[in-house]
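Have a look at the structure below, then the notes.
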Amino acid sequence: MKIAFLGLGIMGRPMASKLVAAGHEVSVWNRSARQHVDGATTAVSPADAAKDAEVVWLCVADTAAVERVVFAEDGAEQSLREGMIVVDSSTISPSATLRFAERVNARGVHWVDAPITGSKIGAENGQLIFMVGGSNEAVEALQPLFKAMGKLVIHIGETGKGQAAKISMNLMIALIYEGFAEAFVLSSKLGVDPHKLIELIQASMVRSGVVDYKAPFVLRRDYSPNFPLRLMHKDIHLMLDTAKEVRVKLPALETVDEIYELSSEEGWDDLDFAATLALLEKWAGLGGQPK
């Protein structure tokens, strides 16, 4: 298939590479700096990347970035033709997704929201999980591309439902990790060997995939970005804003948001979100300066 891939960040670049490796014809474009993917054509604008494409695939930072990349003067919209599919693997507002979809639907173009989970390692290994919102027809047409980049596709429902599921899942990740971080710091202050705490967690009912993934990095105090703190913080704001739209109260998340605000003030935006633990360590007098 002919694919325009827009956004070559931590997740987007390896995703585009997987599509090339699977034999697809890929044109790439990146917003912040021009980047090259081996085997792909490098475009000068989103419109240029999309001009001969069957599928336009997005993986950018936030709702505003999606809007600019698609609908700006040189955006992909200029090259959209009837029957094309726009796929958005960014994590953005569900309500904005519906607005964007309505606009491209008017041109006979499908919009599929397909946010991802699996972090940097999953993208590099082609082991992503896609949670998808869109028509059965469009989702079925995309199966070869999903297969090239991931291990599982869950068709959540109609357009917008993929984004709704993604922010709900990330809400759980943020809260689960915060619970682990607080337990880790409290037990450390009380003299518990951190390795023993992890052993206990992994042997008991509180075991979590979030902790399994993050614990080795925490034990090494390695906060290199798999999922940057600034992006999780952005997602937390998405969750809170969306909850206001539908009149849902999220009191625990409101408290966690304060931790992210203060971590951001420490200058840790580009570290992994696991660095929020270092803020708790700092308050507890246990050091707390991430590497």
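Sequential numbering of the sequence shown, starting at 6, is according to our numbering. Beta carbons are placed, not taken as given, at the ideal position from N, Cα and C, and that holds for glycine.
Q: Report yes if the C-beta distance between residue 105 and residue 62 is below 8 Å; otherwise report no.
A: Counted from its first residue, the sequence shown places residue 105 at position 100. Counted from its first residue, the sequence shown places residue 62 at position 57. Not closer than 8 Å, so no.
Q. Skipping 5 residues on each side, what residues in its chain have a beta carbon closer than 7 Å to that of residue 166?
A. Locating residue 166 in the sequence shown gives position 161, counting from the first residue. 138.
Q) In chain order, what residues of the same chain lie with their CB nearer than 7 Å to the CB of residue 230, ignoring the 5 residues before and after it? A) Position 225 of the sequence shown, counting from 1, holds the residue named residue 230. Cβ within range, chain order: 15, 275, 276 and 277.
Q: Specify the secondary structure class of residue 59 as computed by DSSP and reduced to three states.
A: Taking the sequence shown and counting its residues from 1, one reaches residue 59 at position 54. Of the three classes helix, strand and coil, the one that applies to residue 59 here is coil, per DSSP.
Q. Which class does residue 156 belong to by DSSP, given the choice of helix, strand or coil?
A. The residue labelled residue 156 in the question sits at position 151 within the sequence shown. Reduced to three states, the DSSP call for residue 156 is strand.
Q. In chain order, what residues of the same chain have a beta carbon less than 6 Å from the beta carbon of residue 123, not counting five sequence neighbours either side?
A. Working through the sequence shown from its first residue, we reach residue 123 at position 118. Answer for residue 123: 132, 133 and 134, listed in chain order.
Q | Contacts around residue 50, its chain only, beta-carbon distance under 7 Å, and the 5 residues preceding and following it disregarded | A | Here residue 50 refers to the residue found at position 45 of the sequence shown. Taken in chain order, the residues that qualify are 34 and 79.
(Q) Can you tell me whether residue 254 is buried or exposed? The criterion is at least 16 other CB atoms within 10 Å of its CB, across all chains shown. (A) In the sequence shown, the residue the question calls residue 254 occupies position 249. Residue 254 comes out exposed.
(Q) Report the start-end ranges of each beta strand (DSSP E) in the segment 77 to 154 that is 3 residues or longer and not cut off at the edges. (A) 90 to 93, 115 to 118 and 133 to 138
**Q.** Spatial distance of residue 271 from residue 84 (CA atoms)
**A.** By one-based count along the sequence shown, residue 271 stands at place 266. By one-based count along the sequence shown, residue 84 stands at place 79. Whole-angstrom Cα-Cα distance: 42 Å.
Q: Could you give the DSSP three-state label for residue 232: helix, strand or coil?
A: For the purposes of this step, residue 232 is taken as the residue at position 227 of the sequence shown. Three-state result, residue 232: coil.
Q: Pair every Cβ in the segment 181 to 188 with every Cβ in the segment 212 to 225, then say whether three or more of these pairs are closer than 8 Å.
A: yes
**Q.** Between the CA atoms of residue 284 and residue 96 - distance to the nearest angstrom
**A.** For the purposes of this step, residue 96 is taken as residue 91 along the sequence shown, with counting starting at 1. For the purposes of this step, residue 284 is taken as residue 279 along the sequence shown, with counting starting at 1. Between residue 96 and residue 284, the C-alpha separation is close to 26 Å.
Q) If you compare alpha carbons, which of 290, 198 and 21 is closest to residue 152? A) Reading the sequence shown from its first residue, position 147 is the one you call residue 152. When only C-alpha atoms are compared, the closest one is 21.
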